[in-house]
Structure formats: structure tokens, C-alpha cells
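Residue numbers (the numbering used here), protein chains in the order written: chain A, 811 to 1269; chain B, 811 to 1269; chain C, 811 to 1269; chain D, 811 to 1269.
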């Protein structure tokens, strides 16, 4: 087609190509990138969903705003998807969604609550075991079929998935992408508006990012010469801002509403701003999850498994309905950065800076080398280089180190199929205060419930 | 006197010279070292107790077994005690003993139990704040009056005290001595007897030591060619060895009895042997201290404050009684190593190896540089050099790292009089699972109760 | 003035404000930056030259192409220059130019030749001693008068000057700028033209930079998807490219002509491309400077002191002549990046990437922490962060390490006024093969000749 | 035999069992160790010499002073020698002795002189290539046949040999033994005698050792409370001690006489005492080897190849003569420590401390991890642990780092058969100042001359 003339032809392999969220955003963003064109190979073990997404992609091509046309294929093997790929995007569910049921419900019997359960806590660790098994396979396939391709990971637990890729294939060019920090930039942008009356984009808030995914921290934030950290201090000091959320207010809250009470509290205690939603933050510290009432008091709600499974199961119906519609798809700017990152890596833009997950080569001092951490990085031709981001204050470093230790142990345990080591990670989790014998029983039950995804394990 | 002819004349400054335990052992051990003689300057803020100990020392001199005579002086200032000293021994109570009351009892109101309370947990941390204040003063005095002297620390919290010495006077020649590991060597010696029928001395069990004081670990133990770790594995696997201690048995137990159930359990979970008494170990992990019944089930009892204060207050009466006795003191071999260490440092023996607390220069991989850690070290002329001891397994390293982080934070907080940082250490303690606002209240009460020993603090 | 409306007002302190080269370029570049305006304070111990430059600045303002107007002041004290400064630029001559005479000529008597003599070799080291004395003073003045200002260093020896700034005032925001790498980018751009027929800008050649100033190396170079390292390999393998330069050709060469024979040879030997002019490179290795004939055979000439002093002394005459001219100054794009860097630091552009000299926080693996090294860095709002650039191959790392050791020793020696340590640096220099007693004599003579600039030294 | 009753039975595999020097000393020392008995398997590619040594061993057994009897076998394969070994001793000639001819003589044509030529310089590097080939084979054989055995290396180049063992079989238990430091201890003992009138054993001089083999340094030396470093400073400052050695004196000197002029000079320049013979020291720095006259002036002589080959060839005749003699062998204390080290490793003594060559795990700060370095270490049951020995002063660290870089490069080059990398090591050698093209020719000639020992190389 005319509009693609001069565009670079590339191939993107999409693992988890039947996925509900990010796949659609990618299609939307690719349609707005006139510098590139080519093929997106949607691979999924749930092939019907991948075929559905391919149809979706065709509808995106037909959008009046589309400036680039893409071919959406649905290969039957991972190898076929990867062969010749310039980029690999991965966003998968580790184990069928139903396994989140046991991840969440068994610990709950022992008094351990997970507002999210996909990153930390016993639930996040067991999910990581499954994910690492899948990602080991992906790493080996990339090594065989497209060792020079850049791999963008979008699955959780982000750190365990990305760590597995590097552990299995150390020369891989991979990084993990997460938009959780964007929300914190938006919080700062709102403060700039509140205190200075300026409307600014979140991208204008320049932040220094340090930590691990979903437990990142910001120690400097600046926007148009305004020190945003001071605005946050002012906000937190204002009367009525930090407050117990009363039960009646909590009862009315949606699962994803963010009262920022945990963010404010951690900022007050540690003097540095956590950069993830409160529902994630509470899973990394032992302070807010004594029981559901305590959690609610801090403005966070448990997202029940019933809600998750329902949303998951009804999504395809909605997609099918939209595909049957005659109404053309509207393509518009998204807040995701995957395509911008690809363009910079292809050398087609002058460079790009964002927060990503990469093995630590020193970008965060005081955390172990090779562990996957999240900081800003700079994207340029065939190069994603993390920025030197300094060191977390001692109090926060202690908390983050704990998450890093668990990342290292759980990935190692998954690859070695070592239940004892995996259990040591569970024992080290901040949500864990059970006696070791009780904990062992709980953990054993969790593994057995998810054993179908733990090939080669004795559980 | 004749018997000291040819002996090297030295001066030992004893800070806490009125102390009840180790001072008497030192006198006993010095009397058996014919290679040295000289002066012991007993300095204590409780001068009457120091004078009592000086009388005790004279009686030791008169013992028929004494092979070396010492002059015991009671200087009125620290400066006078230190001037000209070759060695400084420090064993002090940080703050009056009564402060252990608030250290233990306030957390107890919040459900936080401390079997010991002098090393870790909120009690250990608050004690560390006081101790660091005292040790900062000692470090400055050593720097001024005897910068070349070797300082032996015997006070708890061992790591915080020793760390403070180095932080305030980095060129200090100091190390911390603790006999807790000896008990584990004895456990191994017993196993050698049980399984091989051999009677061996604890010193014949060669161990590799890694960790921080009271939370040390042994990954290799060898005695007459026998691998003692295998004996421990055999022991733990034997039926009935690991078991819940029934309430009636627990009720009859003395405070210091060690059922080793925690030792066995940690060995089973982590594959490496913890090397401290169970009552210390439980304070470093969140598994065994849910409530008193749980603790008792693992064979550990709470040592109540009432017992401590009673023992403390009655001890001098016993001493005085023995001094009034005509019965000569009997001098005999003790299990302490302080005098052996001094002899090696003086170059009077061929060298000596034992576990001590020193700043980490790499003797333990994976733990931060400069933090005080416990490993074997080699003593020779004017030199105490730690042995390269390797790395803890990941699961244990995570637990020990947490203690190390807290050591660093609490000493820094003490020197900077920074309550926020001290509180961050409390939040990071394994015994802490309170919400941050409740924790802050508890911590504030604890500080206020001990404020008399926190000069210059705003609490 | 109208054209400055909306521009940010800043103050730049220029130390060495009477300098002949970079000051004029800065004026030229500032005139083309409509986003900023303000004051440039030209401070120089040679005040007449600074006054001359202020007149020059006024003429630049009058240029028809000028889009920004600047006030050029000539303060009489360093303090006055620095107070209120947002940026400090430093380009000075360490010691009067005449001292280059002894720097170059005394070693020459001993058979030690310096084609440049401002960076390495005994001449560079003695110059570094003087420079470090000056830069220690600058660091202290910045700390007192404008601790938040960003300092751009342009003086040689670049690494010693920048290292001194950080050693004296560790919180300083300073970096060193050098355009030597640009020449190598141009070489690659020429190769792209030669082999692919494409005309490209040097900035389009994306390079990874590793090393120390004037001894930097490039291990990856990419331009429009072309691997430039392969082009260089092709070039070097072509017949007649690497060749001895015959005496008659050498005789006709200008001092600054670059035959690249040394570049080619080092690339061939080490498989990685040195990124500085040959005249600099030969001073970092012992291979090419046996005698003048050998040097000439490799296409490099000695720049004699007579030439330098003559050029230095005649420059002002030329300036005065141009100032007397009626002809308006033409303002046009320069190849320097200082103003681009300032704009990025002010947050007025979206960011900027270039090679600069910064303390090593890990951007080069295998070189010691804190030593000043040269790599790419990323400039954004109030932030200059080095990029992680990997590690030099072992053979080159050995050569660069030697330069780094000398940087560390000579700066330490200067600040401690320690002649023995400075001499140890001389002994470690690659140009040094004299017996130690002869070397000591030579070094002592060099120091005595330059003693007027070595305040507080006993030489 | 009666006298071996209760002795531990062990097997020692001796690689290079036909060797002339250390094998005889080992036999002598074993005969004096009543705690052990067993078999020594003498393996050598020169089997007749091994058989000769076996006869020698039998004669040692018959010595009236022998307190332990040993069986000396001469297995025909390396595998047979190693199988069942508790210890492996290796002292081999890398390549036939004749190859020292080209090692020494080719560089000499280019003006590069080697007083020893077995450790550093182009000769040492080419020897290292051969040695690494041999030691790679030994490492693999140990891994296969006796992975738990302790390996004592005695061959030069010590560092390259030991490094190869660890590089090929990282879990090997190996260390390198060298008595060069003993000579420096004796120098200190002599100074104690000279200045204090005390006769002391060299072992009583407690030293801290830092460096690489044959280029070790001592920064602390203490004997009976006397600071020996001060005695050395006094000695060096005395008139006439440091002096040029006149030609007539030099002409009369034996090859192995040590005038210590280089030791004194380096001590004076660097403030720390080198701990190897002057003939070794001069090969690690570029100061003393300009030409033979310069070398002689510093009191060192070239040991010509003719002398070496003559001594090598005549030695067996002497051995045979002694074997034919009726005169019983006299067994007496030697100065070697190999048997003492074995006894400590067997757990039969209370421990032993000496300087040995081990991979750097931090025992020397500032030198790269894993490189083989020489420091004190502590020997105990199945354990040889290096002592933390601190850091070399910057000036010396620069010199030693260079040797370490070359160790790393030459071993890597040998294992990868990479001539370019090997050449980079040659270019980095302190004795090398030739232009790169001339150096390449010299190096190529050296490799070709020794190609029979470079299996699999293209030279």
C-alpha cells in the first residue's frame, strides 16, 4: 500500500497472541507508526483466541486513522512464530487462569491475603514457579530461532519472567515493560496542577526510578523546574490527606480505585515515594495485611478471584460483539510505549528514555548484580542501556532486597525444580508469619493444586 | 614476684570493670598465663562494684594455682583507665538494667515477645541505640588515649557495639568475642560420641562459621575425619527427635535449657546448621514467636524481666559472701578464649584461630562490606585477620541480610540521633508485623521509657 | 530585547575567560540558543585577555544571525564570577604556557618524546600536578559560592582536572567535555561514504565509547543499520592502507595531520577502534616513541614547543585586528556540544546523549570506581547519567588501567604534595624506561622548572 | 613396619616424578613425618628419571633417621598415578628444557634480556603458554580420577599454572607453593641480628604478604615485638648500602648471588619491601634491564642458557653416583613446607600458616577476583583459606596489576589457542618497548621455535 512506502519491514512474534489487553493496544499503536510495517505472528496455546485477535488486527488496518498496514498471522508452532522475528512480545497467563483460584484461596485459609496475587506473597511466588517454567521454554526457543531479536516482556511476575529469560539465555536482548510508574508520574502532574495551576503531561515529569517491578520508588521528580517531591511532602502534610478510610467509604470503593493512603504512608515513613498502586505495594511489606478490615482502613480492597474469572470469561464475548459491529475501529494515541521503544531500537528515532526491567549491572547500587531491577534506560540503535540511578535509602533497600532475594530463589528453584528452595522463598516473604510446619503444609497444598503446570516436579 | 620473671608486662583496661560475669573469668584466666603480668584497670560507672571486683582479683592472686600475679586498680576516669593500655576489654550494660524492663514489656503489650531481648527484635534495637551511644564514647576515648590498643568487646548487642567502634574510629583494632558457637561445637562433639563412641573436645570440631552474632551458621564441621554435618542429618531424621514439646514438659523447663528443636527445624529447612541457642535464633525469624504457647511448643521459654532483675540484684551479695570466706579461690581452665587471643596478639604463642566479630572485608560473600559479621579469624602478632568463609545459601543469606541491614540502620540512627531511621529498622525487624501507625506508637513509648540513656535525642 | 522574550535567564561563569579557543565558540553557540539568555562572567588571571574577550562577545551580539543576547562581564575575583552561576565553564592553562617548555624539553634530553605533552607521559603528569592545584581551588570556590551549579571542564589533562573536582568536593555536579571522539565518528562517516556511497553526519554514527580521555575506544559503531566496525576491518585489510610513512612524506606533513596509521595498527592488534588522534594515542603506549624517526614512520610528528609558544603569543594580535574590523561577525553552527548540554540540563530540550568524562560508578566494568572515565551519558533535567558501556577487552583494559592508575596517583600526589607518589606515577608511565635513579633526576629537574606553580611543594 | 603403626595411610601422586629438586626434598620430608605413611606414585614423561627417583626413595627409606616408610611406584599412565590419590604434587618442565634456549635467546636478539625467564617477560609468557597446555591436561585428569585430592603446584610460571588448574576445573582444591618469600624473611632475621644482636629463625619473622608469585611484597614484618620494616629503612639509609655494583665485583659474582640492590631500591621508591630475589624482581619492571651493564650495575647477572642446560644434563650422573655409593643417606629438616601443609590438611596438626598462591577471593583488595595471587593462608582440616591481607599501595598495585593482567591473558590465550591475545600479553609486558610490527615478528619466531609443545596451535 502506498502509505507504507519507505517503511521498514519487520516481523513481530507475539507470544500469548490471544491475550485480551496488550495485544489490542499493540495493534492500535502499530497502526500509528508509518516508519514500520510487516507481520505480527500471533502465537497462543489458546489458538481460537489468537485467531480472534487476528480478525481484530484486520479491523484495525481498516481504521480510517491507520497510517501503517500489518499482516496478522496465526502460526501453529512457537518456532514458526519466532523464525525471522525482529521483536518478540510476550504477555501470557502462567498456567490457566483458574490456578489463580488456588493461589489466592489456599493462603487465605491461613490468614494470608493478596489484593493482587500476581507478583509477591505466596500466590505471586507459586505463580512465578509456573511462569519461570514457561519462560525457560521461551528463552530456549528464542535462542534457537531468533537469537538477535529483542524480547519485550509484559507478563507478571515481571521480574521472575525477565530473570528467567536471562538465566536460561544470558545473551538474550530482553527487557520488561510496565506502566505502573506512569500512574505515579500522573500523581505528580496532578500535584503540579493543584499547587501551581499548570496542566502538564505525565511525560513531562522527569523521574528517577529505583526498585523492582511493582515495588519501584522515585527519589527525584522534576517538572518544568518544579521539585515535585516537595509538592508531595506538602500534600501529605495537609490535614485530612492521610486518614483512615472509614468502612462505609471502603464498601463503596471499586477494586482498582487508589486512595494512595499506602503511598502517602510509605512516603512519610521513608522519605521517598513508592511508585506503584497501593494494591501492589501492600504485598511487599508486612504492615497493612493483618486482616481485611486493616487493609480496607488503608483504602485498599481485595480483588476476589470470582471477579477475575468472571471478567476473564466474559471478555471474548465483548470482543466478538465488537468484531460483528460495522462501526469502524478508532485508532488513537495510547499510553503504552512498546512501539516507541521498537522504533528507537530500530534506529528510526533519535532515542527514547523510559523505565524498564533489566538485569542489574550497577544501575542500582546496593542490589545484587544480575537480579532484574527497574530503572530508567535509554533506547537507541540496537541498544537498551540502563541509566545509573543511585542507591535506595537503607530502610527501603532492606525491603526491596527481600523481594530481590525471593526473585533469585524462586527462579532458581523453578529451573532446578527444587521445592525446598522455593519454600525458603515463601518463608522469606513479608506476608509469611506462620510457623514453618504450618507454612510447609500450606505451600504443599498450593503446589499440588497447580501441579498440572509444574512439569517434572515432584509435589 | 619470682613466678613472673621474664613475663611480658602489659596493661588491660576493663570497661565495665564492675561486671558480674566475664571480669571474674578474665581474672581466673590471667592467673594461669605465666607469659604475661601487669595491671588490670577496672573502670565502671558503678564504682563500688569495680572496687568489689578489685578485691576479688586480689583473692585470685592468692590462689595456690595462680601462676601470674596482677595488680587490680580502680581508676576514677575512663581516660586514666585507658592511658597506656595494651588491651581494652569492654563488657557493659547499655543503660541501667532496669531499662530491660521497658524493652521487653512494652512490645509484649503489642504481642511482640522476646525470649532474650538483647540482640534483635524491637527490644534489641532500642538496646542497640543506647549501646551505640556508649560505644561511640568508648571509641573516641580509645582514639585519644590508646589508639594502638586492641579492644575486645563482650557486650550485647555484639554487632551494633563493634560496628559503632569502627564507625567512630575506623582505624581501631577491635573485635567482638562470643562463646555461643562453642555450644554448637559441643553439640557436634556429642554427636561424635553418640554415633562413633568417641569422646572429643569441642575444640577438635573444626567448623566453618558464617553469619552475624547470635545468628551464625555452620556449613562444614569436621572432627577426626568425621563429617559432623552428616551426623546431624542422621540425628534430625531419627524418629522422635524433632517433635512438639508438650506443655507439661515445657512448664518444667529452665529458662536456659536448650531443646534444640529450633536448631533442628532450621537445619531441616535450610540444610545448614544454625550456631546459637534456640532462644536467640527465634528472635531472628518470624516463625516461632506468634504467641507464648507456640514458642513453648518449640522448646523455648521466655526469660521474664523479673528473673533478670532479681538475679542481677542478688549477685553482689553472693560475691561479698565469697570474699568474706577464708576458703582460697580455685583457679582452673575456663572455656573463654580472651586470654589466648591476647597471647597470640602479643606474639607469645604460635597463633590462634577462633570465631570472632569483625567488619566484613569479604570474609562472607554476599553480605555488605564493613558490616560486622562473625567468622573464624586467625590471631598472630599484632594481627587478627578473618578467614575467607564463603557464602551463605540464598535462603539463609536473605534472613541474615535483614539482620545486617538493621545493624547498619540502628548504628547510623544512633550516631545521627535519627528517630525516623531507627524506626525503619524496627519496621524491618522480623518480629514486626504491626501496622505502621501502631508500630510508631509502640516505638515512641519504648524510646521515652529509655530516654535517660539517649543523650541529645528528641524522643 | 524582543528576541529574548520568554527565554530562561541564566548565569555562566567562565574560568579562563581570556582563553583563545573555546570561549569564542561558546559565544557563537550561545548566540544561537533562543531558549536562554543572561550573563557570561569572564574570569581570568590574565584580565586583559578577558576584557578582550568581553569585547568579542559584544561583537557576537551584534551579528545579524544572533538569536539571543548576552551580557559579558569581567569580574575581578573568582568569587564574584561564581556567585549565582547556573553553569561554570573552565578552560585554563595550568601554569603559564612557558612551562610547557620544560615539560617537553627536559624529558627529551633523556630520550622521552611527547607529540602533545598535555595528557600523559612525564610532561602530562607534571602538567597534571599543576592543574590539580588549580582545580582544587576551583572545586573549593564552587563549593562555597555555587554548589548547585553544573561545571563543564574543557582543560587538559581532562581526567586529572575532573578527578580533582570530585575529590575535593564530592557532591560537585561536574563533567568533562572533549570532542576527540567526534573525529572518529567522522572517520566512520567517511567509511560509510566510501563503501556505501552515503553522505551521513558524524552524529548519525551511533558509537559505544569506553576509556579515558584521549585514550577512548569504540567497540560498536552503527549508522543507518550499517555495522561500521566491519567497514573499518575492510579498510585496514585493503592493500596499502597500513604502511610505513616514508620520510619525505612525513617531512611535508603538518603537525596536526592524522594519517591514522596508529589507529589502524591498534585496531588490527586489539580488534577494537581507538577513538583519539594518533598524536594522543602514541603517548599511552610504549610502541611508537622509541625515537623521532620511528614516530614519523607511523605518520605522527612532534609538535615543537617553539610552534606552540609562537601560536600562543600571536593569537591576541589576530583577535584585536578582527575586533577593529568593521566586518560583522558571522554566527554559525559549531561542532561543540556545550550549549546543547546546558539546554538539556535546564530541561529545555527532550534530552541529549554524548560522550563525557565522569567518575566511574560502573559505566565501565573492570576499571576502578571513582576514577574519571569517558563514556556516553544521557543529559536531562538537572541530571547527567552515564550509560552502562560494558567492559574493554583484556588487552586494552590493561593499557587503559595503567592510565587510570596514574590519574589516581597524580591527583592524590598533587593534593598531598607528595613527590614520592608523583614519582611512582612517572615510573608507571608507558613512556618511562629509564633506571629509577636517572628517572628521579629527570623528574626532580622537571618539578624545579615548574615550581612557581607548585605552591606549598618542596621540590 | 613397627614405626608406622597408627600412621594414616595416604597416596601422593607426583607429576614430574623424575624431577631433580623438589622430589628429593619431598622424600626427605616424608621420611620425617611419623603421622603418615603410604605410597608415592612418581609419574613422568621421562620414565627413566622417575625410575631413578624411585630408587632414590628406597635409599631414603633405609636412612637411619627415617621415621616413616614409603612405597615408591612408577606408574606408566597419569590416570594410574592419580587414581586414589589424596595429594597431587606437580613440578614439571613445560616443554623440554631445550625450549628455554629459544625463550631466552630470541628476545635477546631484540635487546630484551631475562635474568631468569621462567615467570615474566616474553620468555615467561611463552613458557606460560606451554605450561597452561600441560596444566589443562592435569586439571582434567584430576577432575576425572581424584577430584577430591589436594593439588600442590611447584612449577613455574606458578601463577599461570595454578590459574589454569582453576580455570579448567573450578572446584579443584589446588594451591601453589614457593619458597621465595622465605629469603626475605631471612633478610629480616639477619637485620634483627645485626641491629638487636638476636639470633632468630626465619619463621619467627611474621610477615604480611601481598602480590603475585616472584613479585610479592611485604608491608608488615614483626619479630619478637621488633618492627622489622624500621630496621630495613635504617639499613637502606646507611651509607654505602645502596650503591652501584662496580664491573669488577659483578664479574666475580655467581648467577644466584643476591646483592639486594634492587630490593633496596624498590623499597626506597615505594616504601614497601619486595619479597623475591633481585633476579626475579627486575623482570617485572622496566627499570633495570636496559642492557647487561645496567643490570650488572644493580648487582644482578644474566643466567645464561648454556649454564642451565649443562646443569640439567649433568644432574642425573651425580644422582646415579650417589645411588651407587654405600654411604647411607642422611635425612634432615628441610626448609620446604609441603609435608607440613599436608599434615595440616589431613587434620593431623593443629593448623599451619604460610604464604601460598590461590585464586583471589578478596585476600588482596584492588586486584581482580579469581586471578591467582600470593598471600598468607591458613591450613586446617581439608581447608586452605587465604587470609585477608589488605591492599598494595597505589604505585605497587599498578605494577602488580600489570602482571595479573598478563596472567589472565596468557592463560586465556593458551586455552583458546589465541595468538592475538597472547601477543597482547607480550605487548603489555614491562620488558616490551619494541614497535608492534617488530614485536610481532619476534613473538612469531618464539612460538615457532616452541611449536612442538603447542598442540593444536597455528603458529
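A virtual CB, placed ideally from N, CA and C, is assigned to each residue, including glycine.
Distance CB(residue 825 (chain B))-CB(residue 850 (chain B)) smaller than 8 angstroms: Result no, Cβ atoms of residue 825 (chain B) and residue 850 (chain B) do not sit closer than 8 angstroms.
Rounded straight-line distance, which links the Cα of residue 873 (chain B) to that of residue 879 (chain B): Annotation: residue 879 (chain B) to residue 873 (chain B) spans about 10 angstroms, alpha carbon to alpha carbon.
Helix, strand or coil for residue 1026 (chain C)? Go by DSSP, reduced to three states. DSSP places residue 1026 (chain C) in strand when its eight states are reduced to three.
Which value, in whole angstroms, describes the spacing of the CA atoms of residue 1099 (chain A) and residue 933 (chain A)? Distance from the CA atom of residue 1099 (chain A) to the CA atom of residue 933 (chain A), rounded to whole angstroms, is 14 angstroms.
Under a three-way DSSP split, which group does residue 905 (chain A) fall into? The answer is coil: DSSP assigns residue 905 (chain A) none of H, G, I, E or B.
Based on Cα-Cα distance, which residue from D:1003, D:946, D:1165, D:1118 lies nearest to residue 1319 (chain D)? Look at the range of chain D in this structure, 811 to 1269, and you will see that residue 1319 (chain D) is not part of it.
Cβ-based neighbour list, residue 1038 (chain B), same chain, cut-off 7 angstroms, excluding 5 preceding and 5 following: These residues qualify, in order along the chain: 998, 1001, 1002, 1015, 1031, 1032.
Looking at C-beta atoms only, is the number of pairs between the stretch 1254-1266 of chain D and the stretch 903-913 of chain D that lie closer than 8 angstroms three or more? Touching, per the Cβ criterion.
When you compare the CB positions of residue 931 (chain C) and residue 1244 (chain C), do they come within less than 8 angstroms of one another, or not? No; because the gap between Cβ atoms is not below 8 angstroms, this pair is not in contact.
If I'm right that residue 753 (chain C) touches residue 940 (chain C) with Cβ under 8 angstroms, what's the distance once you round it to whole angstroms? In the structure as shown, chain C starts at 811 and stops at 1269, and residue 753 (chain C) therefore has no counterpart that could be examined.
State buried or exposed for residue 1135 (chain C), treating a residue as buried only when at least 16 other CB atoms are found within 10 Å of its CB. Taking all protein chains in view, the Cβ of residue 1135 (chain C) is surrounded by fewer than 16 other Cβ atoms within 10 Å, so the residue is classified as exposed.
At a CB distance below 8 angstroms, what residues from the stretch 1215-1244 of chain D approach chain C? Give them in sequence order. Look at the stretch 1215-1244 of chain D: the residues with a C-beta under 8 angstroms from a C-beta of chain C are 1215, 1216, 1218, 1219, 1222, 1230, 1231, 1233, 1234, 1235, 1237, 1238, 1242, 1243, 1244.
For residue 899 (chain A), list the residues DSSP reports as bridge partners. For residue 899 (chain A), which the question treats as bridged, DSSP gives the partners A:824, A:962.
Flag residue 1259 (chain D) as yes if its beta-carbon sits less than 8 angstroms from any beta-carbon of chain C, otherwise no. Not a single CB atom of chain C sits nearer than 8 angstroms to the CB of residue 1259 (chain D).
Name, please, each residue of chain A whose Cβ falls closer than 9 angstroms to the Cβ of residue 1196 (chain C). Going along chain A in sequence order, the residues near residue 1196 (chain C) (Cβ under 9 angstroms) are 1197, 1198.
Do you know offhand how far residue 811 (chain B)'s Cα is from residue 871 (chain B)'s? For residue 811 (chain B), the pLDDT reaches just 40, beneath the cut-off of 50, and the residue's location in the model is therefore unreliable, although a value from the coordinates is still provided. Taking C-alpha positions only, residue 811 (chain B) is separated from residue 871 (chain B) by approximately 11 angstroms.
Tell me whether residue 1170 (chain B) sits in a helix, a strand or coil according to DSSP, three-state version. In this structure, DSSP gives residue 1170 (chain B) a state outside helix and strand, which the three-state scheme calls coil.
Minimum C-alpha distance to residue 1253 (chain D) - residue among D:1089, D:1114, D:1237: Of the candidates D:1089, D:1114, D:1237, the one whose C-alpha sits nearest the C-alpha of residue 1253 (chain D) is D:1237.
In chain C, which residues lie less than 7 angstroms from residue 1208 (chain D) when you measure between Cβ atoms? Simply 1212, 1215, 1238.
Note down, in chain order, all residues in the stretch 1157-1171 of chain A with a beta-carbon under 7 angstroms from any beta-carbon belonging to chain C. Going along the stretch 1157-1171 of chain A in chain order, one finds 1157, 1161, 1163, 1171 with a Cβ nearer than 7 angstroms to chain C.
Do three or more CB pairs link the stretch 1226-1235 of chain B to the stretch 1189-1206 of chain A at distances below 8 angstroms? Yes: the two stretches touch, three or more of their Cβ pairs being nearer than 8 angstroms.
Delimiting residues of the alpha helix (DSSP H) encompassing residue 1004 (chain D): Taken as a continuous stretch (DSSP letters only), the alpha helix (DSSP H) holding residue 1004 (chain D) covers 990-1006.
Extent of the continuous beta strand (DSSP E) run through residue 881 (chain A): Per DSSP, residue 881 (chain A) belongs to the beta strand (DSSP E) from 880-883.
What separation, rounded to the nearest whole angstrom, lies between the Cα atoms of residue 968 (chain D) and residue 1023 (chain D)? In a straight line, the C-alpha of residue 968 (chain D) is about 6 angstroms away from that of residue 1023 (chain D).
Report buried or exposed for residue 755 (chain B), applying the criterion of at least 16 other Cβ atoms within 10 angstroms of its Cβ. One cannot answer for residue 755 (chain B) here, as it falls past the ends of chain B, which runs 811 to 1269.
Run through DSSP, which three-state label would residue 1251 (chain D) get? Looking at residue 1251 (chain D) - three-state DSSP - the assignment turns out to be helix.
Does the Cβ of residue 1071 (chain D) have 16 or more other Cβ atoms within 10 Å, making it buried, or fewer, making it exposed? Buried, because 16 or more other Cβ atoms sit within 10 Å of the Cβ of residue 1071 (chain D).
How is the beta strand (DSSP E) around residue 849 (chain B) delimited, first residue to last? Residues 846-853.
I'd like to check one pair, residue 899 (chain B) with residue 962 (chain B): are the Cβ atoms closer than 8 angstroms? Yes, these two residues count as a Cβ contact at 8 angstroms.
Using a Cβ-Cβ distance under 8 angstroms, would residue 929 (chain A) count as near chain B? Output row for residue 929 (chain A): interface = no.
Here's a check: name, in chain order, each residue in its chain whose Cβ is nearer than 6 angstroms to the Cβ of residue 1108 (chain D), leaving out the five neighbours to either side. The beta carbon of residue 1108 (chain D) sits closer than 6 angstroms to those of 1071, 1072, 1098, all from its chain and outside the five residues before and after it, given in chain order.
Give the C-beta separation of residue 1177 (chain C) and residue 1215 (chain C) to the nearest angstrom, bearing in mind that I take them to be a contact with Cβ-Cβ under 8 angstroms. Not confirmed; about 10 angstroms, so no contact.
Taking residue 1098 (chain B) as the query, report the chain A residues whose CB atoms sit under 7 angstroms from its CB, ordered along the chain. The answer, in chain order, is 1245.
Taking residue 951 (chain D) as the reference, which of D:1224, D:982, D:1087 has the closest Cα? With respect to the C-alpha of residue 951 (chain D), the residue from D:1224, D:982, D:1087 having the closest C-alpha is D:982.
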